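Before any comments, here is the structure.
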Amino acid sequence: MDFGSRKNVNFFKKFACFLIFWIGMAYGGEEGFRLDPKTEATVLGIGMPLLGVGTFLSMQTKVPSSYSQDPHQIVFLDRFAVHYRSSSADRVSNILCPVAIGFPFFFSDPSSFHVDLLMNLEAHVLSQGVVRLCKGLFPRARPFVYQSSTRILDRSAFQSFFSGHTTSAFTAVVLAGVVYQKRHPKSQKAKWVWISGLAMASGVAVTRVASGEHYLTDVLVGAGVGALSGMVVASLHWRNPK
Numbered sequence: 073m074d075f076g077s078r079k080n081v082n083f084f085k086k087f088a089c090f091l092i093f094w095i096g097m098a099y100g101g102e103e104g105f106r107l108d109p110k111t112e113a114t115v116l117g118i119g120m121p122l123l124g125v126g127t128f129l130s131m132q133t134k135v136p137s138s139y140s141q142d143p144h145q146i147v148f149l150d151r152f153a154v155h156y157r158s159s160s161a162d163r164v165s166n167i168l169c170p171v172a173i174g175f176p177f178f179f180s181d182p183s184s185f186h187v188d189l190l191m192n193l194e195a196h197v198l199s200q201g202v203v204r205l206c207k208g209l210f211p212r213a214r215p216f217v218y219q220s221s222t223r224i225l226d227r228s229a230f231q232s233f234f235s236g237h238t239t240s241a242f243t244a245v246v247l248a249g250v251v252y253q254k255r256h257p258k259s260q261k262a263k264w265v266w267i268s269g270l271a272m273a274s275g276v277a278v279t280r281v282a283s284g285e286h287y288l289t290d291v292l293v294g295a296g297v298g299a300l301s302g303m304v305v306a307s308l309h310w311r312n313p314k
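Position 238, counted from 1, in the sequence shown is what our numbering calls 310; the numbers after and before it change by one each time, with no gaps.
The following block contains the structure:
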């Protein structure tokens with residue numbers, strides 16, 4: 073896939089036009105969380121180039137002509153992951169992750185949906201930009217590579233660092249938790265929003281390791297980057313009610 077192909081250039085043009093249109097339609101918002109051109113330009117001005125450059129670099133990853141399958145060369149904290157390769161865990165993670173991404177909208181009402189949608193979009197653009205950049209800059213063989221008896225030719229097998237699934241899950245649930253708590257500061261349900269969301273995101277992280285796709289450090293970094301992205305985007309859009 074050529075990042076500079078006409079197909080991909082057209083995609084990014086359409087995506088940029090969609091964002092401009094949506095920001096124009098969604099301008100303003102509730103008293104607490106608001107959209108404004110300066111904030112959106114700042115977040116997307118960082119996130120979109122990050123995602124674009126990261127995608128380009130990650131597509132340049134080359135399969136090594138030779139690579140070690142000695143697990144003792146892996147840092148001790150991650151070594152246990154090479155013993156896991158569960159297709160069931162892989163399927164579960166691929167189901168849990170989209171559910172986690174949609175988690176913020178379980179608590180969104182029609183009047184704030186447009187604000188929530190754009191905040192979620194921005195948070196994911198930002199966090200996935202970091203994911204793609206790291207996958208391109210820091211190639212790392214996935215745990216299952218150490219179990220393979222034949223040479224692997226798929227470049228994605230060497231893009232373990234760090235977990236995109238885990239990052240997406242934590243981006244969404246932390247954003248949901250922060251937004252809900254800000255909107256309902258006296259609600260007793262806030263703690264359950266946090267507990268259920270973090271449990272779901274943690275489930276994604278555990279199944280990514282159990283599937284043989286990632287190491288412990290991959291999902292820990294993903295959780296951190298995702299959580300930070302969710303918190304940053306939420307805080308940038310928050311306006312203290314007078």
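Every residue gets a Cβ at the ideal spot worked out from N, C-alpha and C, and that includes glycine. Remember, predicted model here, so these are calculated numbers, not experimental data.
In summary, Ala113 is exposed, with fewer than 16 beta-carbon neighbours lying within 10 Å of its beta-carbon over all protein chains present. Straight-line measurement puts the Cα of Asn312 at about 43 Å from the Cα of Ala282.
Look at Phe234 here: in three-state DSSP terms it is coil, with no helix or strand label. Counting along the chain, the unbroken alpha helix (DSSP H) around Phe185 starts and ends at 185-209.
In this structure, DSSP gives Arg106 an extended state, which the three-state scheme calls strand.
For Arg255, the secondary structure class from DSSP, reduced to helix, strand or coil, is helix. In the pairwise beta carbon analysis, the segment 226-233 is classified as not touching the segment 167-174: fewer than three pairs are separated by under 8 Å. The C-beta distance from Arg280 to Ser235 rounds to 5 Å, short enough to fall under 8 Å.
Exposed is the label assigned to Thr222, since fewer than 16 other Cβ atoms lie within 10 Å of its Cβ. For the pair Phe178 and Ala244, the CB atoms are not nearer than the 8 Å cut-off.
The beta carbon of His196 sits closer than 6 Å to those of Thr243, all from its chain and outside the five residues before and after it, given in chain order. Counting along the chain, the unbroken alpha helix (DSSP H) around Lys263 starts and ends at 262-282. In terms of Cα proximity to Gln219, the closest of Arg151, Val265, Gly124, Val305 is Arg151. A buried status is given to Gly269, since no fewer than 16 other beta-carbon atoms sit within 10 Å of its beta-carbon.
Within the same chain, Ala282, Gly284 come within 6 Å of Tyr156 by CB-CB distance, once the 5 residues on both sides are set aside. One alpha carbon belongs to His286, the other to Ala153, and they sit about 7 Å apart.
Checking the DSSP bridge columns, you'll see Arg214 has no partner listed. In the DSSP assignment, Asn166 falls within the unbroken alpha helix (DSSP H) covering 159-174. In this structure Leu247 is not in contact with Val115, their Cβ atoms being roughly 12 Å apart against a cut-off of 8 Å.
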